[in-house]
Amino acid sequence: MELQITWFVLWGVLWAVYFMLDGFVLGTGFMSGFLAKTDTERRVLINTVGPVWEGNEVWLVTAGGVTFAAFPTTYALMFSNLYTALLMLLFALIVRGVTFEFRGKMDSPAWKSAWDKAITVSSFLPALLFGVAFGNIFKGIPMRNDFDTVNFAYDGSLLTLLNPYGLLTGVLFVMLFAIHGSLYAAIKTTGDLAKRAEDMANRLWLPLLIVAVTFLGYTYPATKLYDNYLKAPLLLIIPAIAVLSLLLVKVFTVKVQLHRAFLFSCLTITFVCFTGIAGLFPNLIPSSLDTASNLTIYNSSSSPYTLKVMAIVAFIFVPIVIAYKIWVYRIFRARVTNEDVIGDSEAY
Amino acid sequence: MDALTLSRLQFAVTCMFHFIFVPLTLGISIIIAWMETRYVLTGDELWLRMTKFWGKLFLINFALGIVTGITMEFQFGMNWAEYSRYVGDIFGAPLAIESTMAFFLESVFIGLWIFGWNKVSKKVHALSIWLVAIATNLSGLWILLANGWMQHPVGYVLRNNRAEMVDFMALITNPYGLIKFSHQILSGYTVAAFFVMGVSAWHLLRKTELEFFKRSFKQAALFGLVSAILVGVTGDFHAVEIAKVQPTKLAAMESIWETHRGVGMYLIMLPDEKHERNAVERLCVPKIVSMMAFHDSNSEVKGLKDFPVELRPPVMPTYLSFRAMVGLGMYFILASLVAIFLSLKKNLEDYRLFLNILLFSIPLPYIANQLGWIVAEMGRQPWIVYGVLKTAAGVSKNISTAQVIMSLLGFTVLYSGLGLIDIYLLTKYARKGPDNDLSAIIKTEGRN
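Quick note, the sequences are listed as chains A and B, same order.
For reference, each letter of the first sequence is one residue, going 154 to 501 in the working numbering.
For reference, each letter of the second sequence is one residue, going 11 to 458 in the working numbering.
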């Protein structure tokens, strides 16, 4: 029992950390067209995420792997039920990954402009699709599962996912990542580019607040996420931190204390994810048809033995990963300037 | 075609495409780490230029390997949901451990290596490529332990309508997985060795940067010879393991229909699956199959006729792939022997015929790697987990044929495009040769 709860928490943390980290890579990616005015500025932006994007994406691979290992039934049904949406996500992530490596490899404006478009689309789509997917997970998807006879049926399609609540969550993710990416650009670049990014974060904040408030409100009729909060009001501290962080993002952006603003943007994204995930418990994916079909941490988990083995592995290696990630982030803590990318054959 | 056939085709397409990039990464990361280490130890700038040149080609190749790997992880759930649910308890663990233990290490330190030239000391920089190389190979270990479990399931019980892990140690000490791992990484090293030798040959033929490419060639030739020989040795161990636990695969690899003792190998042979015999059998090397499979020339080898038709793998592709792979493997040993011998001569660039042969040999180890996987995966059919779960039972029931047609089409178009761009860029940068601008390198050094 406790093992399953441990893994539920770890599962939630992995997704939240992934969104927090890849959020700024995706954000700078799809905002680069608005932020950068010249080819050099585009390169500067790409080079701010260059050293870290791969390591950030591995959080997704790990979140996927952990879903597989700890909750195989959820993994199987989540990925197959959401087949087409995940396919689009996959294509976007593939394109985005090679873009970083390929863009600078030819000196042709047409080549670069094609990859610029690719960066925009392939960064925007995952932000939107992850939002839509998680919106639908919060809401529940139309599946009918019988765990005793091992019979699983799904009544939905790609269009089922594009319901108002799913789309709203998609917009929420896009807005969160847009500000997150802009703030990251603001603290990692210099001059006009940094100023433009700061202005962008300032301008996007009010629209984000409106989307966030709508999301919190609409969550009540659209999902059962608040049930847990009514049962255990102490949990309300999670959405409270999310809201407070969001407010502090604005405060520190206005004060031009951008590192702090970025830090609170990290917290906002993390706690928005926790808000949803705490509301799901003990479900991983609820069914919108009947509660007996819900995929819970109990009916979809691995055996206690596997969970124990995996817990040992996780508790040894995740801290090590975090340690060397922080070390590498510190090495690359300096801002990237125009001079850095010009004449550096290693830069993207 | 139905969702099952299409899903199998899609898995083959995406897996084989992914596996164009992985073997080179496995080997060339080690070659580059070696070069950079030599640079750090000797201060000789030629080693640094070698590190940078081969490093650039490595990175062009690396990017596609990484992004196509995510497809593999998603695909188990997307197309093989029944499989994932049934075996996730034991099969998911090595995949999750792979990303925690190896993939993080690889991805974080590749970033440090690419961007860290003037941010960390020479030693730390060289250490980062070693960590990438180790992590890549460690990744391979966990993936092959997972595949090894599909080939020879151990450490599980069937319970609660699925396979549950009861012995983690059995999973990670599964001889099948460990032998497969050693065979595979060495095959990857062979790809890298022939890649470096082939590209060097191209430049030697044009007499550009002679010292640079002679030295690269020599390193690769030695690496290639050691690897190619060990590929053969581990291949032999692998065959023994297959004979022990996958009799149908062994019979298909050698196209043996009747069970008998002291089985020989026909050098020229053509299976005739319809009539359950070989249409052509010429030039027999007596007892060699028995010898290789059980290390006993009189041992009994089971023939395909001992197994019901529905439990036999497709014989023709398994047999042909195996033969071609072994033939190529022997060629690699021979070619790298000659390469070593010639690389010791001062006028390596004058052996134009051999250099041309090596240039055109670049694709061969890639092909051998793919053939090996055809033997491994097709030879396991009709099972997805040998003896436990049929491939047909593993496919997702909740996906439609139309969905898989769309995804297969999408993958084919996207991968073809990216593959062509990648080959174009690799060729472009391979031809361009190393950076001549020593001042740029010294400038970089100055910022250390």
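For every residue, glycine included, the Cβ atom is placed at its ideal position computed from N, Cα and C.
Computed from a predicted model, the values in this text were never measured in an experiment.
Proximal residues of chain A, C-beta to C-beta of residue i below 8 Å
i	result
B:M111	V466 and F470
B:T78	I247
B:I409	S233 and Y236
Closest residue to residue i among the options (Cα-Cα distance)
i	options	result
B:F72	B:T35, B:F63 and B:R48	B:T35
A:T444	A:G309, A:L411 and A:I294	A:I294
B:A211	B:I409, B:L369 and B:I38	B:L369
B:S226	B:M416, B:D316, B:R48 and B:L181	B:R48
B:W123	B:I70, B:L168, B:V398 and B:W140	B:W140
A:A395	A:M259, A:A365 and A:A385	A:A365
B:S138	B:I120, B:L260, B:I76 and B:L154	B:I120
A:R488	A:T252, A:L346, A:A476 and A:K258	A:L346
A:K377	A:M231, A:G288 and A:T406	A:G288
B:M301	B:A145, B:Y439 and B:M275	B:M275
A:K403	A:V251, A:G429, A:T423 and A:L361	A:L361
A:A286	A:T226, A:L240 and A:S335	A:L240
B:T459	B:K356, B:H213 and B:L344	Because residue 459 of chain B is not part of the residues shown, which for chain B are 11 to 458, the question remains open.
Exposure of residue i, with buried meaning 16 or more beta-carbon neighbours within 10 Å
i	result
A:P317	exposed
A:L163	buried
A:V494	buried
A:I473	exposed
B:H305	exposed
B:V9	Chain B is shown from 11 up to 458; residue 9 of chain B falls before or after that span and cannot be answered.
B:V118	buried
B:R441	exposed
B:P444	buried
A:A245	buried
B:R322	buried
B:I189	buried
A:G250	buried
B:K217	exposed
Three-way DSSP call (helix, strand, coil) for residue i in this model
i	result
A:F305	strand
B:A173	strand
B:V164	coil
B:S192	helix
A:T181	helix
B:Y49	helix
B:D99	helix
A:T449	strand
B:T454	Low confidence applies here, because B:T454 scores a pLDDT of 44, under 50, leaving its location unreliable; read the following figure in that light. The answer is helix: DSSP assigns B:T454 an H, G or I state.
B:Y361	coil
B:H285	coil
B:S449	Unreliable placement is indicated for B:S449, whose pLDDT of 47 sits below 50; no coordinate value is reported for it.
A:N491	helix
A:H412	helix
A:D299	strand
B:K133	helix
B:Y276	strand
B:H305	coil
B:N408	coil
B:W127	coil
B:R271	strand
B:V32	helix
Contact set between residue i and chain B, taken where Cβ atoms lie within less than 9 Å
i	result
A:I479	Chain B residues near A:I479: none, gap ~10 Å exceeds 9 Å.
A:L240	F84, M88, Q413, M416, S417, G420 and F421
Closer than 8 Å at the beta carbon, the chain B residues around residue i
i	result
A:I484	L122, G126, K129 and V130
A:F244	G420 and L424
Contacts that residue i makes with chain B (C-beta to C-beta distance below 7 Å)
i	result
A:V214	I80, E83, S109 and F113
A:T237	Q413
A:E207	I76, S117, I120 and G121
9 Å Cβ cut-off: residues of chain A touching residue i
i	result
B:F86	F221, Y228, A229 and F232
B:I70	E254, F255 and K258
B:A106	T215, G217, G218, V219, T220, F221, A222, A223, M463, V466 and A467
B:N184	Correct list: empty, because the minimum Cβ distance to chain A is about 15 Å.
Whole-angstrom C-beta distance between residue j and residue i, which should lie under 8 Å
i	j	result
A:R349	A:S440	Contact flag wrong, Cβ pair sits at about 46 Å.
B:D99	A:S456	5 Å
B:A261	B:A303	Between B:A303 and B:A261 the Cβ distance is about 10 Å, and since that is not below 8 Å, they are no contact.
B:L215	B:N366	7 Å
heavy atom of the ligand ADP below 7 Å from residue i C-beta
i	result
B:N157	The model depicted lacks the ligand ADP and carries no ligand whatsoever.
Within chain A, the residues that residue i reaches when beta carbons sit closer than 7 Å
i	result
B:F178	V462
B:S406	S233
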